[in-house]
Every structure is written in C-alpha cells, then in structure tokens.
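Residue numbers (my numbering): 11 to 182. Glycine included, C-beta positions come from ideal geometry on N, C-alpha and C. Everything below concerns the one structure shown next.
Below you can see the structure in the form of structure tokens.
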C-alpha cells in the first residue's frame, strides 16, 4: 500500500489546482486591453455613431430602469444571447468625449466583471476612438483565461469595426 499522501485522485489534483488558481496573485489581477481606431469624421458625429453601436447589443435588449435615457449614469440594462447573460450599467457619459460601462458577463459556470471605457479625441483629419477594456475573471473563468481574452478582444474589434461602418454609412 502507498502512504496516504501518495493516494491522490485526479479529482483531488484538479481541486488543489483550482484552489491554487483562485487564491494566487494572478487570479485576482485585473487584466487590460487597449484598442484604437481612427475615423474620418468630426468628434460629434463619431460620438453619435458610438451611442448607436454600443446601444445596439445592450439597451436594445431590456432596460431595467423604466423610462430612463439609456446614456444616463446609473441606467441598468440586461441582454441575453445564447447561454451568456450580460448585465450592466452606465457609469459615466460625458458628451461627446467618453462613455464608461460596467458589466458582468455570466456564462455558467463562468463570471467575468468587465469595464469598457470609450474615449474620443479630435485629431487633424477626424477623430480617434480609444477603447479600454478591463476585466476580472472569477470562479471557473480563471481556468479559461485565454478563451476570455480572445472573446473580449474579438468583441472590442467587432464594436470598433461596426462603429467605422456606421460612420461610413452616414457619410454616403
């Protein structure tokens, strides 16, 4: 017979690994991404297009605060696509400069806290949109770090692409 410490099942090993990841200094770290896109339009037109693009997949769903203007700070929204539930609120809206949203992405058993901050800056030939994404992985999401990094990157890329298409559509 092997001593007790030698008798480890795969479940025990996974349990220890998971506990180690949850309590490690890497598990509680806020991860960051920055995306940038230049647009050939004034900042006010870029902001109007940004509101439309951001609102399409968010308050195009269910607004939880009845009758509120979607870009009013404190306004809450909820959107479900497939198995993922997106719950969020508008933290700040400074027209026509920035929008900040805080969201919780629930895709059982994963939970991700996400903060999106769009900032518009005027440049010589139009405007520049900076999108900062900060996220914290909770629970099982820590084990799927690469998946969530790729998913958030693709979401940000799609949002900026849709914004660019919206601006081009308004020009024609």
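Practice problem: Using the DSSP secondary-structure output, state which residues sit across from residue 112 in a beta bridge. | Solution: DSSP, once it has assigned bridges, lists 99 and 125 as partnering residue 112.
Self-check item: Neighbour-count burial assignment, residue 178, 16 or more Cβ in a 10 Å radius
Solution: Exposed is the call here.
Practice problem: Work out the CA separation of residue 166 and residue 149 for me, nearest whole Å. | Solution: In this structure, the alpha-carbon of residue 149 lies about 23 Å from that of residue 166.
Exercise. Hey, could you find the ends of the alpha helix (DSSP H) residue 143 is sitting in?
Key: Unbroken run through residue 143 is the beta strand (DSSP E), 136-149; no alpha helix (DSSP H).
Practice problem: Mark residue 84 as exposed unless 16 or more other C-beta atoms lie within 10 angstroms of its C-beta, in which case mark it buried. | Solution: Result: exposed.
Quiz item: On the premise that residue 63 lies in contact with residue 173, defined as a C-beta separation below 8 Å, what is that separation, rounded to the nearest angstrom?
Solution: With a Cβ gap of about 5 Å, residue 173 and residue 63 count as contacting.
Quiz item: When you compare only the Cα positions, how much space is there between residue 9 and residue 54?
Solution: Within the shown structure, residues of the chain are numbered from 11 to 182, placing residue 9 beyond reach of any answer.
Quiz prompt | Classification of residue 117 by the beta-carbon crowding that lies within 10 angstroms, buried from 16 upward | solution = Around the C-beta of residue 117, 16 or more other C-beta atoms lie within 10 Å, and the residue is accordingly described as buried.
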